[in-house]
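In this text, residue positions in the sequence shown follow this note's numbering: the first is 89, and each later residue adds one.
The beta-carbon is built from N, C-alpha and C at its ideal position, and this holds for glycine as well.
Only one structure is covered here, and it is reproduced in the block below.
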Amino acid sequence: MTNAKSPTIYRVAVPSPLRRLFDYLPPTNTANALLPGVRVLIPFGRRKVVGIIVDTAQKSSVSLSRLKPIDSVLDAEPLVPQQLFELYRWAASYYQHPIGDALSSALPALLRKGEAIPESDEKHWQLSEQGKGLPETALSRAPKQQQALNLLQQQATASRDDFKRLDTSIAVLRQLEQKGLIETVVIQRNAPVFDVDNLLLEQPLSLYPEQQQALDNIDLHGFHPYLLHGETGSGKTEVYLQAIEKILRYGKQALVLIPEISLTPQTLSRFQARFNCPIAVLHSGLTDRERAIAWNAARTGQAPIVLGTRSAIFTPLKSPGLLIVDEEHDSSFKQQEGFRYSARDLAVIRAHRESIPLILGSATPSLESLYNCQQERYTKLVLSCRPGNAVQPRWQPVDIRKANLSSGYSRELIAAITDTIAAGNQVLVFLNRRGFSPTLSCHECGWISNCHRCEARLTVHRSPNRLLCHHCEHMEPIPTSCPLCHSAKLQCIGQGTERSEEILEAMFPDTPIIRVDRDTTRRKQAMQAVVDRVNGGEPCILIGTQLLAKGHHFPNVTLVAILDADGGLFSPDFRAPEKMGQLITQVAGRAGRGAQPGTVILQSHHCDHPLIAT
Numbered sequence: 089m090t091n092a093k094s095p096t097i098y099r100v101a102v103p104s105p106l107r108r109l110f111d112y113l114p115p116t117n118t119a120n121a122l123l124p125g126v127r128v129l130i131p132f133g134r135r136k137v138v139g140i141i142v143d144t145a146q147k148s149s150v151s152l153s154r155l156k157p158i159d160s161v162l163d164a165e166p167l168v169p170q171q172l173f174e175l176y177r178w179a180a181s182y183y184q185h186p187i188g189d190a191l192s193s194a195l196p197a198l199l200r201k202g203e204a205i206p207e208s209d210e211k212h213w214q215l216s217e218q219g220k221g222l223p224e225t226a227l228s229r230a231p232k233q234q235q236a237l238n239l240l241q242q243q244a245t246a247s248r249d250d251f252k253r254l255d256t257s258i259a260v261l262r263q264l265e266q267k268g269l270i271e272t273v274v275i276q277r278n279a280p281v282f283d284v285d286n287l288l289l290e291q292p293l294s295l296y297p298e299q300q301q302a303l304d305n306i307d308l309h310g311f312h313p314y315l316l317h318g319e320t321g322s323g324k325t326e327v328y329l330q331a332i333e334k335i336l337r338y339g340k341q342a343l344v345l346i347p348e349i350s351l352t353p354q355t356l357s358r359f360q361a362r363f364n365c366p367i368a369v370l371h372s373g374l375t376d377r378e379r380a381i382a383w384n385a386a387r388t389g390q391a392p393i394v395l396g397t398r399s400a401i402f403t404p405l406k407s408p409g410l411l412i413v414d415e416e417h418d419s420s421f422k423q424q425e426g427f428r429y430s431a432r433d434l435a436v437i438r439a440h441r442e443s444i445p446l447i448l449g450s451a452t453p454s455l456e457s458l459y460n461c462q463q464e465r466y467t468k469l470v471l472s473c474r475p476g477n478a479v480q481p482r483w484q485p486v487d488i489r490k491a492n493l494s495s496g497y498s499r500e501l502i503a504a505i506t507d508t509i510a511a512g513n514q515v516l517v518f519l520n521r522r523g524f525s526p527t528l529s530c531h532e533c534g535w536i537s538n539c540h541r542c543e544a545r546l547t548v549h550r551s552p553n554r555l556l557c558h559h560c561e562h563m564e565p566i567p568t569s570c571p572l573c574h575s576a577k578l579q580c581i582g583q584g585t586e587r588s589e590e591i592l593e594a595m596f597p598d599t600p601i602i603r604v605d606r607d608t609t610r611r612k613q614a615m616q617a618v619v620d621r622v623n624g625g626e627p628c629i630l631i632g633t634q635l636l637a638k639g640h641h642f643p644n645v646t647l648v649a650i651l652d653a654d655g656g657l658f659s660p661d662f663r664a665p666e667k668m669g670q671l672i673t674q675v676a677g678r679a680g681r682g683a684q685p686g687t688v689i690l691q692s693h694h695c696d697h698p699l700i701a702t
């Protein structure tokens, strides 16, 4: 008598804080073997959850009678190539994170929920003939319907996601359809196969000798990391573009990582102006559907170029050919919550596993990358000057130890701002503290507004009025009196971008003041609107945080002012001098990028500090 063959045991990763896999029996409705990387719907306690098959086994530490079968199989084949799936597993192990949570985090939100990859064809709405002839205020008594009509009067069609941003429900759209004012239309979004012979929409720029040498030294066949160390404004992006062109002509794809969502519009615009091919964009500002469609375009090869922030490092490519990490030094490439990882470091591992070149670009490289160049693990490519006649900005440290400051501004700085605006140019004032004031204190007893959750200081915000913790996001109202002694003598100590904006508006009432920080750029397209306005050329003063320091090209900015350079000089963080040097250099690089030379005024109590003196 022979024993019946034991069923295959599927080892499944479940999104949970548990650092283990869970064993399941095959589903009862299929006899086909399931491959690692396939999503399955499984019973998990009293819930049904989406898991990912990681491995198979012939035996389990749990008796077969206690094992549950998989409910259903969600994918006919693995969603990502096996090589990339192994990278996911390696990352979970290296960064000591529960494998189920790590694997789930690497997928778009729609797929984590168990939904299918959305079709690229999309249902839109447009005005009917009757709706086109309707006056703008015809539905003033139905404001939601009028708002939807106004949107369609501004653009030819609108998707469900467009209406979601206006908080317009499906019910409102149905009412407009019943009135005959709008109608549905299906937009075909299947990406066309691009023509290599008509790849370029514009001719590449002529490279100066250092750029040409850097491009020639990049071997596009096989793995090797390159550190492109280029001064601010030295033309690193042009080297990226021409390297990508070569890769596309080989029939391969390029993945480009940028540190901030705010850099997406200008980077995408630059790429779209050069290449006649689909470009997939991936970042957290997209809707779940938009992100899933872009992710799938990269996976299937419909998008030869993929542009994204740190999480895009997990995006599958059908034909990987080149990996680029721009501003590789930036701390934004580190995920600080949940599944913590470094996208830059994972880029090195991924490029090695996929045998493709990696370009790490920066004007202020990280010490790790510089060390790897010294050890000859990376090849260093140097761009030491700006193209054309552009020159690096002139530095002017201002010692403010004995200076009479006007709300934090020295006389030299006020005079320089006045002269710059009078000459029709633009000014960038850098203050890396958002909010109105970093500290609220009681003048009588010395009480300070600390966060009761994490003990960090609560920052005073005036729009809207609140105390906000910039570490854990805890919020509370601004007290009218001291919680300890009940004195009404509360004072704001120090200044953030909100307060500095008020000060500049009082000093220069006839000059537009544009504040750029996380609070003013939350809305979609808000940063692009700022960039477009500044590039319009009107004399103005930009006041902002490090969002202004990262890669933006403002050709009319000729003066950069660093209000307080002392914040990172004496921090207990061992990386503080490195980060401060990078930040100062990056923000200074926004000056003089056009036809006119730039000046950087740096206010400090420690002008003899090596970081400033050199």
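Top-ranked residue by Cα proximity to residue i, from the options
i	options	result
L546	C533, H531, P567, E532	P567
A244	G582, P206, K220	K220
L448	R441, Q463, Y429, K468	K468
F427	R99, I97, L671, S104	S104
S450	V515, L315, D433	L315
R603	A594, D620, T585	T585
G268	A302, Q218, E290, F251	Q218
K612	R438, S575, C695, S372	S372
Collapsed DSSP secondary structure at residue i in the structure displayed
i	result
V168	coil
N513	coil
V470	strand
D433	helix
W535	coil
T225	coil
A190	helix
E271	strand
D607	coil
S454	coil
K220	helix
S160	strand
A101	strand
K667	helix
C580	strand
K422	strand
Residue i to residue j span [Cα, whole Å]
i	j	result
S228	Q234	6 Å
S94	I130	20 Å
Q596	L175	Rather than Gln, the amino acid found at residue 596 in this sequence is Phe. Taking the straight line joining both Cα atoms gives about 54 Å.
E207	S193	22 Å
L109	G188	8 Å
P231	L215	17 Å
L356	L395	8 Å
V548	G496	18 Å
L343	S529	48 Å
M89	Q170	Low local confidence applies: a pLDDT of 41 at M89 is under 50, so the model's placement there is unreliable, with the coordinate-based value given in what follows. When rounded, the distance between both Cα atoms is 40 Å.
C365	G389	11 Å
K156	P114	9 Å
Q330	D304	10 Å
A112	H558	The question names Ala, yet the displayed sequence has Tyr at residue 112. Cα to Cα, Y112 sits roughly 43 Å from H558.
F359	M563	40 Å
A400	A382	11 Å
W213	A380	21 Å
Q674	E415	10 Å
I349	L254	21 Å
S257	E500	55 Å
G139	C461	41 Å
W178	R432	15 Å
I502	S537	32 Å
N492	R522	24 Å
T452	Q670	5 Å
Identified DSSP bridge partners for residue i
i	result
N553	R550
G449	L316, D414
R135	F132
Q484	I689
Same chain, Cβ closer than 6 Å to residue i, neighbours up to 5 away in sequence not counted
i	result
V688	P481, W483, V648, A676, A679
I591	S495
N553	I566
Nonlocal neighbours in the same chain, by C-beta distance under 7 Å from residue i, ignoring five residues either side
i	result
L458	none
G339	S407
T325	R358
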